[in-house]
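Take the sequence shown: its position 26, counting from 1, is numbered 26 in the UniProt record's numbering, and each next residue is one higher. Report on the structure given below.
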Amino acid sequence: MHLQLPLNLYHGGRNLLNLHLFEEDWQSAIFEIDCHPNETRVWTYQPGFFDGQHESHVLPIHIACSLHAPLDVIRSIVEEYPGCLSVKESTFQRLPLHVACQFSASADVIEFLAREYAAGTSEPDVLGRLPIHYACSNGAPLDVVRALLRVNPSSTVGADINGWLPLHVAIHFGASTETIRELVRVCPAAVTMKTKKNSTALMLAEHVTTTNREEVIRILKCAAGME
């Protein structure tokens, strides 16, 4: 879902870059970055940035990642302001990589962000969630999950404030069988790790109603040595 243009878009001075981003005029956005590179550093207040409910102060990189901007736009912003990749928005303390995963950005964008700022794959937001948690909860395709795992395979054991691993999240939100298999392959130990409410991946799988439920249960049982 695309964001509505807020009335106070221009807080912080000149900001035609954000205007072009919201209009999805990608070529004009790139031209604006070339002509006025300092606009990549301008913070703006965006009401309803998350789920239409939670406001945040964000940079253009956060906005671009939320609007499915193509890789050439993302790269142009990063080339002018490399440090933006480590900057978190104000409300949930999410990096551009978090935002990209949450808003289902393209695989090449997510791979670029993860590669250019690898540390971001292990940085939690205020909910303790890593970017891969959001990839798993928003139906990211297998190539996105693999891209994140290539950069940081240890993210498979990153638990949020409720003790949920990416595997738990993937099962709960009905991720593809291939995604579940990949998470288990990279970290078989995650299969027996528990949430703070003592739920294992298998216990979660037994309570979902997804079409691949039985396949997922077989994968988990096999990894746990139960088959």
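Idealized CB from N, CA, C, for every residue including glycine.
- Under the DSSP definition of a beta bridge, H54 partners with F50.
- If you compare the alpha carbons of P60, F31, H168 with that of T40, the shortest gap goes to P60.
- Secondary structure within the region 63-95: the alpha helix (DSSP H) runs of 4 or more consecutive residues, fully enclosed, are 71-80 (chain order).
- Per DSSP, the unbroken alpha helix (DSSP H) holding N18 starts and ends at 16-22.
- If you keep only unbroken alpha helix (DSSP H) runs of at least 4 residues inside the region 116-201, you get 131-137, 142-151, 166-172, 177-186.
- Assigned with DSSP and collapsed to three states, T44 falls in strand.
- In this structure, Y117 sits away from L142, with a CB-CB distance that is not shorter than 8 Å.
- Judged by their CB atoms, L130 and T121 are nearer to each other than the 8 Å cut-off.
- Here DSSP, grouped into helix, strand and coil, assigns L113 to helix.
- Around L149, the same chain offers V186 as residues with beta carbons nearer than 6 Å, after the five sequence neighbours per side are excluded.
- Secondary structure at A205: helix, using DSSP grouped into helix, strand and coil.
- The region 45-57 and the region 67-85 do not touch, with fewer than three beta-carbon pairs separated by less than 8 Å.
- A straight-line Cα-Cα distance of about 22 Å links V216 and K196.
- Counting along the chain, E214 sits inside the alpha helix (DSSP H) bounded by residues 213-223.
- Residue state for L97 is assigned as helix, using DSSP reduced to three classes.
- In this model, A201 and T177 are separated by some 14 Å (Cα to Cα).
- S28 sits in a helix when the DSSP states are folded into three classes.
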